[in-house]
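The structure under discussion appears below in the form of structure tokens.
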Amino acid sequence: MLQLVNEWQLQGQLNQALLQHQRADFALWLAMLSPAVDEMAAFCLPTGEAEPGRPSLYQQLGVQPQRDYAMQQQDIGCLTAQHQALIQSGLTQCRLLQLLTPPPAVVRHDAKKLSAEVLDSLDFHTRRHLAKQKADVITPDPTALYDILQEMHA
Numbered sequence: 067m068l069q070l071v072n073e074w075q076l077q078g079q080l081n082q083a084l085l086q087h088q089r090a091d092f093a094l095w096l097a098m099l100s101p102a103v104d105e106m107a108a109f110c111l112p113t114g115e116a117e118p119g120r121p122s123l124y125q126q127l128g129v130q131p132q133r134d135y136a137m138q139q140q141d142i143g144c145l146t147a148q149h150q151a152l153i154q155s156g157l158t159q160c161r162l163l164q165l166l167t168p169p170p171a172v173v174r175h176d177a178k179k180l181s182a183e184v185l186d187s188l189d190f191h192t193r194r195h196l197a198k199q200k201a202d203v204i205t206p207d208p209t210a211l212y213d214i215l216q217e218m219h220a
């Protein structure tokens, strides 16, 4: 089954249903379109990176970005320091270190591990993004608008 990503794949059937006041057909064709707004025709996200000269909001405010849930290499030293603080200074010092350098939430973290029930219930668009496949980019043809206008007036 091919997921409809943009209205060019409908070959004008969405427009025909709208012009002929066929509400049920229009609702059906509209529901068949993918919820991926960034893949719609004439909508392109900027591909360039942010300007390297401008500091980001994190840098301006001095805020650390949110850490990953998985355990990383530097977390072993952090956990050892928290353990030593608990033994030497007590619970308050350990709690302070936990708030300043939060421990990892999970030891083994696999972001792509989903149960079979969840994978079966995903739509085609989400499965494609999990597999990191890109949809075919269709460049809109401005001359096709002339043909559509001719069909409307005929």
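So for the sequence shown, my numbering puts the first residue at 67; every next one is plus one.
C-beta atoms are modelled at their ideal positions from N, C-alpha and C, and glycine is treated no differently.
- When only Cα atoms are considered, Gln82 and Lys200 end up about 29 angstroms apart.
- Counting other Cβ atoms within 10 Å of its Cβ, Leu163 reaches 16 or more and is therefore classed as buried.
- Comparing C-alpha distances from Leu145 to each of Gly128, Gln125, Gln132 and Pro170 shows the shortest one belongs to Pro170.
- Collapsing the DSSP output to three states places Leu180 in coil.
- At the C-beta level, Phe92 and Leu99 stay beyond 8 angstroms of one another.
- Between Trp95 and Leu123, the C-beta gap is not smaller than 8 angstroms, which leaves the two residues out of contact.
- Look at Leu99 here: in three-state DSSP terms it is strand.
- Counted as a single uninterrupted DSSP element, the alpha helix (DSSP H) harbouring Ala151 occupies residues Asp141 to Gln154.
- Here the alpha carbon of Val203 sits roughly 26 angstroms from the alpha carbon of Gln216.
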